[in-house]
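Residues in the sequence shown are numbered consecutively from 69, following full-length UniProt numbering.
Where a beta carbon is used, it is the ideal one built from N, C-alpha and C, also for glycine.
Being a predicted model, the structure only gives us computed values, none of them experimental.
Shown next, in structure tokens, is the structure this report addresses.
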Amino acid sequence: TATHDRPSHGSPNLSQIGGLSEVIRELRELVEIPLKRPELLEKLGLEPPRGVLLVGPPGTGKTLTARSLAGELGVNYIAINGPEIVGKYYGEAEARLRQLFEKAARSAPCLIFIDEIDSLAPDRAKVEGEVEKRIVGQLLGLMDGFAPTEGVIVLAATNRPNHLDPALRRPGRFDREVSFGVPDDRARLEILQILTRSMPLAESVDLEAIAAKCVGFVGADLKALSQKAAYFALRRLVPELDAPIPEQMTVTEEDFRQALRAIEPSVLRSLALEV
Ligand code: ATP
């Protein structure tokens, strides 16, 4: 459920994120000083945020950004998966949450990341179960329970902000919001450049043209696309497992063309499910 680690060389960093420089700047501004120099804010009587909502569709890089930000700032990171806490720990969800928040306080400065917070804190007016309601209450209590200058900030991701319990958005809880949109042409190009950085691309590959064709693709889709293209290259270059490694291995325009035919952006996939 939780990963708790000092950022290592293996953890992602901000240079692996494309098209989100404005979002990253905003987030950094919100969390850097409170986490690293909380005493500065205290002196000025400034209240740092305790919670920030990251709102946006799946696959737009919310998790990647939270984790990379912790790495970049050199602070501890605890990841909580909303559905998993409710599912796996059902009866003990409240205790589990409390433990994780306590652990964060002990390891301050620390960034807590709650993925799919809507499953932990759905609107109480709309849920039946008593347990579900208690979990929401517990989370609210935990948000109120730590001092804003304690060196703990909670980032929480959701793609359904309207399903959240409104009490969660009150001042002192998740009162800031940063939005992760579906990337535009430029952002898609930036993401593709990053995702293919370690791939041997043939001269023929025109990332700009590919980006232009990928309207509606989010970062996760672009990752699937570039991985798929590389697999097509692999299949073409090494048709048999015991075939020798060719001298020249490149991923070509044609590999990308095939990959594009094989992949649909996740937005369209979810539309297809709904019909
Ligand atoms: P979910 O809500 O489904 O958890 P998310 O918004 O947290 O989605 P991530 O899990 O961060 O999205 O994205 C999945 C993967 O897609 C990332 O690990 C990364 O490889 C790729 N990716 C997504 N967005 C970007 C981006 N902006 N730049 C580079 N890679 C990205």
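Query, Result
"Alpha helix (DSSP H) segments (min. 4 residues) lying fully within the region 155-190", "161-174"
"Proximal residues to P234 (C-beta, below 8 angstroms), its chain only, five neighbours per side dropped", "D191"
"Neighbour flag for R105 against chain C, beta carbons, 8 angstroms", "Within the model displayed, chain C is absent; a lone protein chain is all it includes."
"Local conformation of V91 per DSSP, three classes", "helix"
"Limits of the alpha helix (DSSP H) - the one that R256 falls within", "D253 to L263"
"Status (buried if at least 16 other CB within 10 Å, exposed otherwise) for D212", "exposed"
"Residue from A172, A176, L260 and E321 whose Cα sits closest to the Cα of I148", "A172"
"Neighbour-count burial assignment, A224, 16 or more Cβ in a 10 Å radius", "buried"
"Stretch pair the region 268-279 + the region 305-325: three plus CB contacts closer than 8 angstroms", "yes"
"Proximity of E100 and V246 at Cβ, strictly below 8 angstroms", "no"
"Contact test: T131 Cβ vs the ligand ATP heavy atom, cutoff 7 angstroms", "yes"
"Three-state class that DSSP yields for L223 in the structure shown", "strand"
"Run of the beta strand (DSSP E) containing residue 46, from where it starts to where it stops", "Nothing about residue 46 can be reported from this structure: the residues present for the chain run from 69 to 343 only."
"Within 8 angstroms, strictly: CB atoms of S187 and V222", "no"
"Three-state class that DSSP yields for L122 in the structure shown", "strand"
"Within 8 angstroms, strictly: CB atoms of K281 and L263", "no"
"Boundaries of the beta strand (DSSP E) in which F242 is found, first to last residue", "F242 to S247"
"Cβ distance (whole Å) where L103 is taken to contact L179 below 8 angstroms", "7 angstroms"
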